[in-house]
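Step one of this worksheet: look at the structure below.
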Amino acid sequence: MAPPSSSLLSSSSRKWCWRLWNDNNKSMGRRSGFGCNYYYDYSSSSSVGVGDSDSDSEVVESSGISRPLSEILKELNKKVPDHLLKTRLQNDGFPLRYVPWHTVNRILNLHAPEWSGEVRNITYSPDSNSVSVVYRVTLYGTDAEIFRESTGTASIHDTTYGDPVQKAEAMAFRRACARFGLALHLYHEDAS
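Each residue of the sequence shown is one higher than the one before, starting from 1 at the first, in full-length UniProt numbering.
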């Protein structure tokens, strides 16, 4: 059933809604993951789960694609669900939990769709053993814009995955987002 024509509804009866889902269906070789989309909710009821009521869905209402920065920051400061985290062993054997850069990207797309990011600087160490990247993330709200920068450094000789610049950029991107509060709880876990 198609939603009613937008000309039949006043703008006050339409709401933008974001839907975040967790796909735990591992049948047919699919990996577990999450996704997001946005849509108009034409219903007049207070329930916003249009057509999908599984317990792993969360709907976040929005008045449009942009929101005030305070709302964006409030969403980014929420704890990232455990199923979105990855773990890797550091050189000392200590397990490190982290959010992959592509998941951070999707979370930003969900809660701050008008964000932007840019590499500000790439610097190789004088001994050519490491590379450092400075990355800036800017959030655009309806009331203001704000940016945060951070650095990431990778060893030139570590070729376990990707190239060193790519690793340093991903690290700097995640750290810049953490300065907005995204996945900051993971840094507090490391301190304990």
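All C-beta atoms in this analysis are idealised placements derived from N, C-alpha and C, irrespective of residue type, glycine included.
Three-pair Cβ contact test at 8 Å for the stretch 68-84 versus the stretch 150-161: no
Taking the CB atoms as reference points, tell me whether I146 and V133 lie closer together than 7 Å. no
With a 10 Å radius around its C-beta and 16 neighbouring C-beta atoms as the bar for buried, classify E189 as buried or exposed. exposed
Taking F147 as part of the beta strand (DSSP E), name the residues at either end of that continuous run. 145-155
Locate the beta strand (DSSP E) running through R67, then write down its first and last residues. Looking at the DSSP string, R67 is not in any beta strand (DSSP E), and its letter there is neither H nor E.
By the three-class DSSP mapping on this structure, what secondary structure does V99 have? coil
Note down the Cα distance separating D82 from R179, rounded to an integer number of angstroms. 20 Å
Helix, strand or coil for L184 per DSSP? helix
Nearest-angstrom Cα separation, counted from H157 out to Q90: 16 Å
Check each candidate in Y98, S125, A168, G141 and name the one with the smallest Cα separation from P113. G141
Quick check on R175: buried or exposed, where buried means 16 or more other Cβ atoms within 10 Å of its Cβ? buried
With DSSP run on the structure shown, which of helix, strand or coil describes E71? helix
Check this for me: beta carbons of A183 and V99, under 7 Å apart or not? yes
Roughly how many angstroms lie between the CA atoms of T103 and L84, to the nearest whole one? 7 Å
Alpha carbon of A172 to alpha carbon of D163, nearest angstrom: 14 Å
Measure how close the beta-carbons of W115 and T138 come, nearest whole angstrom, since I'm counting them as under 8 Å. 6 Å
On a Cα-Cα basis, can you pick out the residue from K79, D127, S125, E118 that is closest to R136? E118
If I measure Cβ to Cβ from R67 and keep anything under 7 Å in the same chain, skipping five residues before and after, which residues do I get? G141, T142
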